[in-house]
Amino acid sequence: MSKLFKIDLPVKTPKWLKRLYPGYVWDQKDSSGTKKLYLTFDDGPIPEVTPWVLETLKSFNARATFFCIGENIARHPEIFKQLLISGNSIGNHTYNHLKGWNTPQDVYLENTLKTEMLLKEAGVNGKLFRPPYGKIKRGQAKALKKMGHQIIMYDAIAYDWDAAISPEQCALNIINNAEPGSILVFHDSLKAERNMKAALTRVLEHFSSLGYEFAPLR
Numbered sequence: 001m002s003k004l005f006k007i008d009l010p011v012k013t014p015k016w017l018k019r020l021y022p023g024y025v026w027d028q029k030d031s032s033g034t035k036k037l038y039l040t041f042d043d044g045p046i047p048e049v050t051p052w053v054l055e056t057l058k059s060f061n062a063r064a065t066f067f068c069i070g071e072n073i074a075r076h077p078e079i080f081k082q083l084l085i086s087g088n089s090i091g092n093h094t095y096n097h098l099k100g101w102n103t104p105q106d107v108y109l110e111n112t113l114k115t116e117m118l119l120k121e122a123g124v125n126g127k128l129f130r131p132p133y134g135k136i137k138r139g140q141a142k143a144l145k146k147m148g149h150q151i152i153m154y155d156a157i158a159y160d161w162d163a164a165i166s167p168e169q170c171a172l173n174i175i176n177n178a179e180p181g182s183i184l185v186f187h188d189s190l191k192a193e194r195n196m197k198a199a200l201t202r203v204l205e206h207f208s209s210l211g212y213e214f215a216p217l218r
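Sequential numbering of the sequence shown, starting at 1, is according to full-length UniProt numbering.
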């Protein structure tokens with residue numbers, strides 16, 4: 001375990017895991033307990049799902065961070081343009097959704113930088129990075145951090161892509177585990193569409209009623 005991030009991350013990231021990898025960003029908590037949550041969406045942009053997410057966020061006056069796959073940016077430039085003007089943050093999720101454990105470091109970095117170039121061409125800073133599957137080797141993370149990237153993990157995840165669980169459970173995965181400063185994970189993908197659409201609406205309604213603000217990562 002010294003070289004690889006080998007743990008399948010649970011719905012709620014335990015404190016010991018955050019302490020084990022202090023160089024990764026797990027949450028945005030502060031001592032004041034500010035009622036902010038940080039929604040994130042992985043794997044887009046795609047025309048079938050991303051525009052719906054943007055409209056839903058807008059209807060709740062919410063902002064989020066979208067970790068984009070470079071290949072999807074190239075395939076769907078019109079959807080990416082919608083994302084650019086939406087007021088949300090945009091991060092890097094590699095070009096081909098690579099699993100860090102199984103990918104040589106030079107290939108992984110090249111793939112990540114390919115997406116960073118697309119983001120920079122669009123005027124996006126491109127230094128927010130989330131490793132696909134939450135799996136990244138220490139060397140890969142160290143190299144990316146040296147280039148100025150923040151490695152963004154999460155505090156709670158919906159598991160919306162898992163067809164074996166219900167939309168209700170996806171919503172509860174967030175509602176029961178989010179706290180001020182939590183970074184929360186959904187997916188704007190076809191695989192997650194059914195669960196995500198139902199769960200996201202409920203999560204937004206629940207926390208908005210409690211006075212939370214949904215903010216983007218910067």
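Here a beta-carbon is modelled for each residue, glycine too, at the ideal position from N, C-alpha and C. Please read these numbers as outputs of a predicted model, since none were measured by experiment.
Check	Outcome
Closest Cβ-Cβ distance between A192 and chain C: below 8 Å?	Among the chains of the structure shown, chain C does not appear; only one protein chain is present.
Quick check: what's the CA-CA separation for E179 versus M147?	31 Å
Under the assumption that E213 contacts K35 (Cβ atoms under 8 Å), give the Cβ distance between them as a whole number of angstroms.	6 Å
Does the Cβ-Cβ distance between G70 and L118 come in under 8 Å?	yes
What's the C-alpha gap between I85 and G91?	15 Å
Once the 5 residues before and after E205 are set aside, which same chain residues still bring their CB inside 6 Å of it?	none
Which residue or residues does DSSP assign as beta-bridge partners of E213?	K36
If I follow the unbroken beta strand (DSSP E) through T65, where does it start and stop?	64 to 68
Measure how close the beta-carbons of T50 and I73 come, nearest whole angstrom, since I'm counting them as under 8 Å.	Actually they do not touch by this definition, with Cβ atoms about 11 Å apart.
Any idea if D42 is buried or exposed, counting beta-carbon neighbours within 10 angstroms, 16 or more meaning buried?	buried
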